[in-house]
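Trainee: Got a structure for you, questions after.
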Amino acid sequence: MSEPQAAPAAKRGGNHRKMELDPRLQAYRGVWVFVEHERGAIQPVSWELLGEGRKLADQLGVELAGVVMGAPGEATRQFCREAFHYGADLCYLVEDPVLTDYRNQPYTKALTDLVDTFQPEILMLGATTLGRDLAGSFATTLKTGLTADCTELNIDMDNRSLAATRPTFGGRLLCTIQTLNYRPQMATVRPRVMALPQPDRTRDGRIIEHRLGLIETDIITKVLEYIPDANVDKPQLAFADVIVAGGRGLKRQENFKLVEDLAAVLGAEVGASRPLVQAGWVDLERQVGQSGKTVRPKLYIAIGISGAIQHRVGMESSDVIVAINNDPQAPIFDFAHYGIVGNAMTVVPALIDAFRQQFAVMRRAG
Amino acid sequence: MHIVVCIKQVPDSAQIRVHPVSNTIMRQGVPAIVNPYDLYAIEEALRLKDRYHGQVTVLSMGPPQAEAALRKAISFGADEAILLTDRAFAGADTLATSYALAAALTRINEELPIDLVFTGKQTIDGDTAQVGPGIAKRMGLELLTYVSQIDELDLERREATVRRRAEGGVQVLKTRLPCLVTMLEGINEVRFATMTNMFRAARYELKVWSKEMAGITDPSFIGLKGSPTVVAKVFAPQPRSQRAEMIGSEASSAQDLAINLVTKLSAKHPNLESEFAKTAGARA
Numbered sequence: 204m205s206e207p208q209a210a211p212a213a214k215r216g217g218n219h220r221k222m223e224l225d226p227r228l229q230a231y232r233g234v235w236v237f238v239e240h241e242r243g244a245i246q247p248v249s250w251e252l253l254g255e256g257r258k259l260a261d262q263l264g265v266e267l268a269g270v271v272m273g274a275p276g277e278a279t280r281q282f283c284r285e286a287f288h289y290g291a292d293l294c295y296l297v298e299d300p301v302l303t304d305y306r307n308q309p310y311t312k313a314l315t316d317l318v319d320t321f322q323p324e325i326l327m328l329g330a331t332t333l334g335r336d337l338a339g340s341f342a343t344t345l346k347t348g349l350t351a352d353c354t355e356l357n358i359d360m361d362n363r364s365l366a367a368t369r370p371t372f373g374g375r376l377l378c379t380i381q382t383l384n385y386r387p388q389m390a391t392v393r394p395r396v397m398a399l400p401q402p403d404r405t406r407d408g409r410i411i412e413h414r415l416g417l418i419e420t421d422i423i424t425k426v427l428e429y430i431p432d433a434n435v436d437k438p439q440l441a442f443a444d445v446i447v448a449g450g451r452g453l454k455r456q457e458n459f460k461l462v463e464d465l466a467a468v469l470g471a472e473v474g475a476s477r478p479l480v481q482a483g484w485v486d487l488e489r490q491v492g493q494s495g496k497t498v499r500p501k502l503y504i505a506i507g508i509s510g511a512i513q514h515r516v517g518m519e520s521s522d523v524i525v526a527i528n529n530d531p532q533a534p535i536f537d538f539a540h541y542g543i544v545g546n547a548m549t550v551v552p553a554l555i556d557a558f559r560q561q562f563a564v565m566r567r568a569g
Numbered sequence: 082m083h084i085v086v087c088i089k090q091v092p093d094s095a096q097i098r099v100h101p102v103s104n105t106i107m108r109q110g111v112p113a114i115v116n117p118y119d120l121y122a123i124e125e126a127l128r129l130k131d132r133y134h135g136q137v138t139v140l141s142m143g144p145p146q147a148e149a150a151l152r153k154a155i156s157f158g159a160d161e162a163i164l165l166t167d168r169a170f171a172g173a174d175t176l177a178t179s180y181a182l183a184a185a186l187t188r189i190n191e192e193l194p195i196d197l198v199f200t201g202k203q204t205i206d207g208d209t210a211q212v213g214p215g216i217a218k219r220m221g222l223e224l225l226t227y228v229s230q231i232d233e234l235d236l237e238r239r240e241a242t243v244r245r246r247a248e249g250g251v252q253v254l255k256t257r258l259p260c261l262v263t264m265l266e267g268i269n270e271v272r273f274a275t276m277t278n279m280f281r282a283a284r285y286e287l288k289v290w291s292k293e294m295a296g297i298t299d300p301s302f303i304g305l306k307g308s309p310t311v312v313a314k315v316f317a318p319q320p321r322s323q324r325a326e327m328i329g330s331e332a333s334s335a336q337d338l339a340i341n342l343v344t345k346l347s348a349k350h351p352n353l354e355s356e357f358a359k360t361a362g363a364r365a
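The listed protein sequences correspond, in order, to chains A and B.
Per the working numbering, the first sequence runs over residues 204 to 569.
Per the working numbering, the second sequence runs over residues 82 to 365.
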């Protein structure tokens, strides 16, 4: 255990909140976002994080940086330019052939070197399979705090510390976590939890290049093959503008067809709550909620979904939520915008007709 | 072959309630279960034991009652179980937890060298997915997260080939043993406990290790002291200020309800109107 350390300060006493930051850690300045991409495709959570990082950096009066790693070449550099459009002032760029595919060892080394050299106070990553793999490894290597799956990030200006709020116990409670006397403070955020900022194509920034200093023979794990997912039927739930989702209130598997029919009319994606996925009626890819996808469509129609907190945390950022449930006491009516108390078996077919008529009118009106 | 599976006992989150006034978790009467994601790791270890022989050890850090989770693992077919329990571990965050587990694993490794460490992909109470990577880094093991399949173990050449879930596909990776693998959910189905193993689990004498027995001498790395993160505040999610606007009454016909809703959506949310225009256009 001889890794570099973001040295903890002397004593951690009773009153953490007012504690003076260790002088060695006061040099840590700036907000960083890890820009995740794989096989040429950006992971949009990176831009969502830059939007959030911009606010934090402005509040702290520091710069916002993107961290871009990958194979040498134009494609990797292009991600830097895009990061500027989404709010970064500068990008740290590590280009190396060994970074072509994601592997824990070289990525952890690259990030550790960058942080040791340039000392940011906050580092954020997307809570993806890659981001969680890297964040957990990196935080342990530097012996600093990491808060996973944050839903809200603020600065506590009393001590310049990051106040990271995350759901706990399946979303039943929220807790705010701080990393007081260690730097950098780290957080991961799940895709679609934060809003995607509007890119400003005129924004530019500076690139700071850093060398990795590893060669392929230093790296223990080898990529033998990469099998891309077949995209044909992959639901694009996270970025859908309209989602129709079904829950346990549908009672029978064949009734889920109502959800699919309404979705077809609306050109919507189909979603489901956890019980239907667990019952095997619906593919895991379509699960909305704490243990599934976070979504933020313009319209979310929940059919027979009671609105348990585990579901709610995955969809409450939707612009408009419509709930159809036969139980007037269902918790979903506490946070939906429009509610219909009624039997889905009769209301949904009527809704399909009503939307069809509406669309016919719109077409005639041109 | 020696596999150690790290498991955690968690409250069944489906049955947790929050006290409406104090905002604390009401644990009374909530059953404690083996973290469901860990079951895939246990089963995968047992399958490898079926294929390659050897020993499966389960390790858990927790309060004394976490022994129930370890006995459960024995009943599925694990050979040995170690409970790492000490008041000094209380309040540990993921960094301090990985320190304690890595210490215990180092001790285990001295007794019987470890080829693979398995964990679940995350727990259902903390949901962080950080302890597995933390253990790997502390022990200098190769880390393979979200593994859906172990294609091959070559115990002679000390190599493993695994399939790892990435965001847009699957990586086939060849790595060196020993390594730490976090198993993806849904990749197998945990076996039923046999009568023999159930009896064995009931009689089995767990090893219970204190921090000293795990070789931990410096208390500043464990528990609250070893945790860089502090919980500043715990609170219940705020209800939205307004309840849903209810459409119609229970006496309304389904048609009226539907037309009423569609009209409202179109009138009050012009951005939806443009969304619908796409749909209407697409279907014209």
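Every residue gets a Cβ at the ideal spot worked out from N, C-alpha and C, and that includes glycine.
Since the structure is predicted, the reported quantities are computational estimates derived from the model, not experimental observations.
1. Quick check: what's the CA-CA separation for B/L165 versus B/C260?
2. Whole angstroms is fine: what's the gap from A/G264's alpha carbon to A/V234's?
3. Do three or more CB pairs link the region 505 to 513 of chain A to the region 431 to 450 of chain A at distances below 8 Å?
4. Are there three or more Cβ pairs, one per stretch, closer than 8 Å when the region 197 to 209 of chain B is compared with the region 116 to 127 of chain B?
5. Under a three-way DSSP split, which group does A/L415 fall into?
6. Could you tell me which chain B residues have their CB closer than 9 Å to the CB of A/R414, listed as they occur along the chain?
7. Return helix, strand or coil for B/H134, following the three-state DSSP convention.
8. Counting only beta-carbon atoms, is A/A539 nearer than 8 Å to chain B?
9. Rounded to the nearest angstrom, what separates A/G483 and B/T242 at their Cα positions?
10. Taking only three categories from DSSP, how would you classify B/R98?
11. Applying a beta-carbon distance threshold of less than 9 Å, which residues of chain A neighbour B/S56?
12. Of all the options B/A317, B/I231, B/G158, B/S156, which has the alpha carbon lying nearest to the alpha carbon of A/L377?
13. Quick one: give me the first and last residue of the alpha helix (DSSP H) that A/H514 is part of.
14. Kindly say whether B/I189, judged by its beta-carbon, lies nearer than 8 Å to any beta-carbon of chain A.
15. How about B/Q136 and B/L193: are their beta carbons less than 8 Å apart?
16. For A/A210, which residues in the same chain have their Cβ closer than 7 Å to its Cβ, ignoring the five residues on either side in sequence?
17. On the CB-based measure, 16 or more other CB atoms within 10 Å of its CB, does A/I418 come out buried or exposed?
18. Going along chain B, which residues have a C-beta under 8 Å from A/E428?
19. Mind checking if B/F316 is an interface residue toward chain A, Cβ cutoff 8 Å exclusive?
20. Would you grab the beta carbon distance between A/E519 and A/P438 for me? Rounded to a whole angstrom, and I think it's under 8 Å.
21. Would you give the residue range spanned by the alpha helix (DSSP H) that B/R239 belongs to?
22. For the beta strand (DSSP E) holding B/E161, just list the boundary residues, first then last.
23. Answer yes if the region 281 to 292 of chain A comes into contact with the region 401 to 417 of chain A, meaning at least three C-beta pairs across the two stretches below 8 Å, and no otherwise.
24. Take A/A443 as the anchor and find which of A/E463, A/E223, A/G474 has the nearest alpha-carbon.
25. Any beta-carbon of chain B closer than 8 Å to the one on A/D361?
26. Give the DSSP-derived three-state secondary structure of A/P431 in the structure shown.
27. Could you compute how far the alpha carbon of A/R356 sits from the alpha carbon of B/E191?
28. Can you name, in chain order, every residue of its own chain whose Cβ lies under 6 Å from the Cβ of A/Y190, other than the five neighbours on each side?
29. In the DSSP assignment, find the beta strand (DSSP E) that holds B/W290 and state where it starts and stops.
Mentor: Answer, in terms of the structure:
1. 21 Å
2. 10 Å
3. yes
4. yes
5. coil
6. Correct list: empty, because the minimum Cβ distance to chain B is about 23 Å.
7. coil
8. yes
9. 30 Å
10. strand
11. With chain B covering 82 to 365 only, the question about residue 56 of chain B has no answer from this structure.
12. B/A317
13. 512 to 518
14. no
15. yes
16. Residue placement at A/A210 is poorly supported in this model, since its pLDDT is 41, which falls under 50; the coordinates are not used for a value here.
17. exposed
18. Q252, V253
19. yes
20. About 20 Å; that fails the 8 Å criterion.
21. Note, B/R239: premise wrong, no alpha helix (DSSP H); not H, not E.
22. 161 to 165
23. yes
24. A/G474
25. no
26. strand
27. The sequence as given places Leu at residue 356 of chain A; Arg does not occur at that position. Whole-angstrom Cα-Cα distance: 43 Å.
28. Residue 190 of chain A is absent from the structure shown; chain A starts at 204 and stops at 569.
29. 288 to 290
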